[in-house]
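Asks: Residue numbers (this note's numbering): 538 to 986. Backbone N, C-alpha and C define an ideal beta-carbon position, used for all residues, glycine too. Computed from a predicted structure; not experimentally measured. Just dropping this structure here.
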């Protein structure tokens with residue numbers, strides 16, 4: 538199943554694209570079924586089959602009619618006008634799509650507008666949100682200062698994860714496979730300990746498995762839970778271009794369809810960014826600077842609905858943490874710089890949330906970190922120290938659960954995953970169907986030492 542994802546790079550027939558972007562999904566599915574009845578190339582068949590999987594994800598991503606969206610904006614900002622909404626659409630500041638020929642807005646368009654546009658954030662008197670942002674920045678500054686002062690920062694975590702399967706009529710008593718993420722025991726993670734599980738026969742993936750999970754297989758009468766502890770050890774580095782070695786490794790520089798592809802546009806963009814520079818550290822910094830200073834952070838719909846995530850980010854000049862990290866990785870690889878995925882959770886005293894970032898390799902420093910979305914946020918705040926820190930370094934408030942993008946679970950998933958590329962909150966399935974679930978990740982204790 539995972540090998541078939543490469544077919545997402547197959548172009549859609551023009552009539553299918555017209556129906557998709559006009560939002561005529563009933564006819565779209567009917568036309569796809571007619572094409573699948575014919576003797577067509579395998580790559581096209583697989584691509585059309587994936588389009589059928591994408592369609593309900595696309596529809597669910599844009600639930601708000603134009604009237605509803607305008608009502609929500611007026612409720613939030615008071616004097617908001619329809620002309621203002623039209624201007625935001627022209628600027629690509631609100632995510633929208635045609636559903637049945639009518640403009641609909643993304644489920645989280647309002648929150649995204651407040652997060653990414655300071656003018657609108659200032660119009661919302663949300664004291665809790667403002668206090669969180671201020672406390673989050675202070676927390677990062679404190680740990681950055683510690684790392685620079687002491688050369689490292691270490692953190693110890695006690696975590697609990699819970700997954701509840703949503704009831705499905707007719708499936709009472711059926712067993713499910715429930716996968717929850719665990720920290721990978723590599724890179725910055727040390728001293729992982731499994732403390733307790735709700736179901737003793739759960740299967741724990743090997744310590745360095747690329748998308749590490751614990752898998753429960755039982756009837757979903759009660760929530761599936763796991764508690765564990767681990768540490769992150771982060772050293773501070775201040776890499777110097779003059780110290781970079783002439784000989785650099787060639788691993789993690791290949792393409793990986795359908796997303797890490799050296800397309801003509803991305804190759805041209807990489808050349809435009811790095812120019813004639815030959816030093817890999819400077820090239821990586823130029824790529825980081827481009828993403829953090831030119832791209833706008835934006836919430837995304839399911840990655841499964843985007844045939845090429847990095848090209849989406851580079852053409853729309855916007856994207857969330859995963860889009861930015863994957864674009865960084867792809868541009869680095871085009872330039873011959875080894876780069877790889879690292880993702881999971883940000884686990885800090887204020888909150889636990891999903892997050893993606895990247896690593897790149899430069900000898901003699903080895904694997905260095907890059908967090909373009911954290912760096913971009915710092916740049917927009919005018920915080921140059923924080924912006925510079927997230928090129929080469931990472932704070933210790935992380936739980937890396939994924940070292941590879943687009944990798945199956947240790948106990949292979951039999952149905953199509955909602956997110957076949959990454960795993961941050963877990964997924965579940967019945968034998969013959971996806972199982973919708975609710976998951977929660979909670980930090981019971983965090984100790985910086």
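Helix, strand or coil for residue 740? Go by DSSP, reduced to three states.
Replies: Against the chain shown, residue 740 aligns to sequence position 203. Strand at residue 740.
Asks: If we count Cβ pairs, one from each stretch, closer than 8 Å, do we get three or more for the segment 766–783 versus the segment 717–728?
Replies: Verdict: yes, contact present.
Asks: Is the beta carbon of residue 606 sitting closer than 8 Å to the one on residue 585?
Replies: On the chain shown, residue 606 is found 69 positions in, with the first residue counted as 1. On the chain shown, residue 585 is found 48 positions in, with the first residue counted as 1. Residue 606 places its beta carbon 8 Å or farther from that of residue 585.
Asks: Give me the Cα-Cα distance between residue 556 and residue 870, rounded to the nearest whole angstrom.
Replies: Taking the first residue of the chain shown as position 1, residue 556 is located at position 19. Taking the first residue of the chain shown as position 1, residue 870 is located at position 333. C-alpha separation (whole angstroms): 35 Å.
Asks: From 809, 758, 874, 787, pick the residue whose C-alpha is nearest to that of residue 896; which is it?
Replies: As a working note, residue 896 is residue 359 in the chain shown. Nearest of 809, 758, 874, 787 to residue 896, Cα basis: 874.
Asks: Which one or two residues does DSSP pair with residue 876 in a beta bridge?
Replies: Along the chain shown, one-based indexing puts residue 876 at 339. Paired residue(s): 897.
Asks: My parser needs the beta strand (DSSP E) runs of 3 or more residues fully inside the segment 538–594; what are they?
Replies: none
Asks: Give the DSSP-derived three-state secondary structure of residue 771 in the structure shown.
Replies: Taking the chain shown and counting its residues from 1, one reaches residue 771 at position 234. Residue 771: strand per DSSP, three-state reduction.
Asks: Could you name the residues of the same chain whose beta carbon sits closer than 8 Å to that of residue 931, not counting the 5 residues immediately before and after it, in chain order?
Replies: As a first step, residue 931 is located in the chain shown; it is residue number 394 there, counting from the start. Same-chain partners within the cutoff: 725, 771, 894, 906, 908.
Asks: Tell me which residue opens and which closes the beta strand (DSSP E) that residue 727 is part of.
Replies: The sequence position of residue 727 within the chain shown is 190, counting from 1. Residues 726–734.
Asks: Do residue 693 and residue 981 have their CB atoms nearer than 8 Å?
Replies: In the chain shown, counting from the first residue as 1, residue 693 sits at position 156. In the chain shown, counting from the first residue as 1, residue 981 sits at position 444. No; because the gap between Cβ atoms is not below 8 Å, this pair is not in contact.
Asks: If we ignore side chains and look at the alpha-carbon of each, how far apart do residue 670 and residue 868 end up?
Replies: Residue numbering aside, residue 670 sits at position 133 when the chain shown is read from its first letter. Residue numbering aside, residue 868 sits at position 331 when the chain shown is read from its first letter. Their Cα atoms are separated by approximately 30 Å.
Asks: Count the other C-beta atoms from every protein chain shown that fall within 10 angstroms of the C-beta of residue 842, then say buried if there are 16 or more, exposed otherwise.
Replies: For the purposes of this step, residue 842 is taken as residue 305 along the chain shown, with counting starting at 1. Burial call: buried.
Asks: Restricting to runs no shorter than 3 residues, where is the beta strand (DSSP E) found entirely within the segment 907–984?
Replies: 935–939, 964–966
Asks: With distances taken from CA atoms, which of 800, 823, 785, 818 is nearest residue 811?
Replies: Translated into positions along the chain shown, residue 811 becomes position 274. Out of 800, 823, 785, 818, 823 has the C-alpha closest to the C-alpha of residue 811.
Asks: What separation, rounded to the nearest whole angstrom, lies between the Cα atoms of residue 904 and residue 898?
Replies: As a working mapping, residue 904 is identified with position 367 in the chain shown. As a working mapping, residue 898 is identified with position 361 in the chain shown. Taking the straight line from one Cα to the other gives about 4 Å.
Asks: Answer yes if the segment 754–770 comes into contact with the segment 699–706, meaning at least three C-beta pairs across the two stretches below 8 Å, and no otherwise.
Replies: yes
Asks: Would a C-beta distance cut-off of 8 Å place residue 545 and residue 844 closer than the cut-off?
Replies: Here residue 545 is taken as the residue at index 8 of the chain shown, counted from 1. Here residue 844 is taken as the residue at index 307 of the chain shown, counted from 1. Against a cut-off of 8 Å, the Cβ pair of residue 844 and residue 545 comes out as a contact.
Asks: Please report how far the alpha carbon of residue 777 lies from the alpha carbon of residue 818, in whole angstroms.
Replies: Counted from its first residue, the chain shown places residue 777 at position 240. Counted from its first residue, the chain shown places residue 818 at position 281. Cα to Cα, the separation comes out at about 8 Å.
Asks: Using 8 Å for Cβ pairs, my map puts residue 700 next to residue 963. What's the rounded Cβ distance?
Replies: Counting from one through the chain shown, the residue named residue 700 turns up at place 163. Counting from one through the chain shown, the residue named residue 963 turns up at place 426. The Cβ separation is near 5 Å, so the contact holds.
Asks: How about residue 829 and residue 881: are their beta carbons less than 8 Å apart?
Replies: Counting from one through the chain shown, the residue named residue 829 turns up at place 292. Counting from one through the chain shown, the residue named residue 881 turns up at place 344. The beta carbons of residue 829 and residue 881 sit no closer together than 8 Å.
Asks: Looking at residue 566 and residue 592, is the spacing between their C-beta atoms short of 8 Å?
Replies: As a working note, residue 592 is residue 55 in the chain shown. As a working note, residue 566 is residue 29 in the chain shown. Yes. Within cutoff.
Asks: Would you mind giving the Cβ-Cβ distance between residue 721 and residue 938, rounded to the nearest angstrom? I have them listed as a contact below 8 Å.
Replies: Start at 1 with the first residue of the chain shown, and residue 721 comes out as number 184. Start at 1 with the first residue of the chain shown, and residue 938 comes out as number 401. Between residue 721 and residue 938 a beta carbon distance of about 6 Å is seen, short of the 8 Å cut, so the two are scored as contacting.
Asks: Within 10 angstroms of its Cβ, does residue 857 collect 16 or more other Cβ (buried), or is it exposed?
Replies: Along the chain shown, one-based indexing puts residue 857 at 320. With 16 or more other Cβ atoms within 10 Å, it is buried.
Asks: Contact check, residue 649 vs residue 853 under 8 Å by CB: the rounded distance?
Replies: Here the question's residue 649 lines up with position 112 in the chain shown. Here the question's residue 853 lines up with position 316 in the chain shown. Going by Cβ atoms, the distance from residue 649 to residue 853 rounds to 13 Å, so no, they are not a contact pair.
Asks: Does DSSP classify residue 655 as helix, strand or coil?
Replies: The residue labelled residue 655 in the question sits at position 118 within the chain shown. DSSP places residue 655 in helix when its eight states are reduced to three.
Asks: Are there three or more Cβ pairs, one per stretch, closer than 8 Å when the segment 649–658 is compared with the segment 627–641?
Replies: yes
Asks: Could you check what DSSP says for residue 892 in three-state terms: helix, strand or coil?
Replies: Within the chain shown, numbered from 1, the residue matching residue 892 stands at position 355. Strand, per DSSP.
Asks: From residue 785 to residue 860, what does the alpha carbon distance come to, in whole angstroms?
Replies: In the chain shown, residue 785 corresponds to position 248, counting from 1. In the chain shown, residue 860 corresponds to position 323, counting from 1. Spanning the alpha carbons of residue 785 and residue 860 requires a straight line of approximately 26 Å.
Asks: With burial defined as no fewer than 16 other Cβ atoms inside 10 Å of the residue's Cβ, what is the status of residue 960: buried or exposed?
Replies: For the purposes of this step, residue 960 is taken as the residue at position 423 of the chain shown. Buried: at least 16 other Cβ atoms inside 10 Å.
Asks: Quick one: is residue 578 buried, meaning 16 or more other Cβ sit within 10 Å of its Cβ, or exposed?
Replies: The residue you call residue 578 lines up with position 41 of the chain shown. In summary, residue 578 is exposed, with fewer than 16 beta-carbon neighbours lying within 10 Å of its beta-carbon over all protein chains present.
Asks: Within the continuous beta strand (DSSP E) that includes residue 987, where are the two ends?
Replies: The structure shown does not extend to residue 987, since the chain spans only 538 to 986, so no value can be given for it.
Asks: Kindly list the residues whose CB is nearer than 6 Å to the CB of residue 916, restricted to its own chain and excluding five residues on each side of it in sequence; keep chain order.
Replies: Translated into positions along the chain shown, residue 916 becomes position 379. Result list for residue 916: 829, 830, 924, in chain order.
Asks: Pop quiz: residue 934 and residue 884 are said to be a contact at Cβ under 8 Å. What is the actual Cβ separation, rounded to whole angstroms?
Replies: By 1-based counting over the chain shown, the position of residue 934 is 397. By 1-based counting over the chain shown, the position of residue 884 is 347. Yes, they are in contact, since the Cβ atoms of residue 934 and residue 884 sit about 6 Å apart, within 8 Å.
Asks: What are the start and end residues of the beta strand (DSSP E) that includes residue 660?
Replies: Within the chain shown, residue 660 is the residue found at index 123, counting from 1. Residue 660 -> no beta strand (DSSP E), and no H or E assigned at all.
Asks: Taking only three categories from DSSP, how would you classify residue 798?
Replies: Taking the chain shown and counting its residues from 1, one reaches residue 798 at position 261. Coil.
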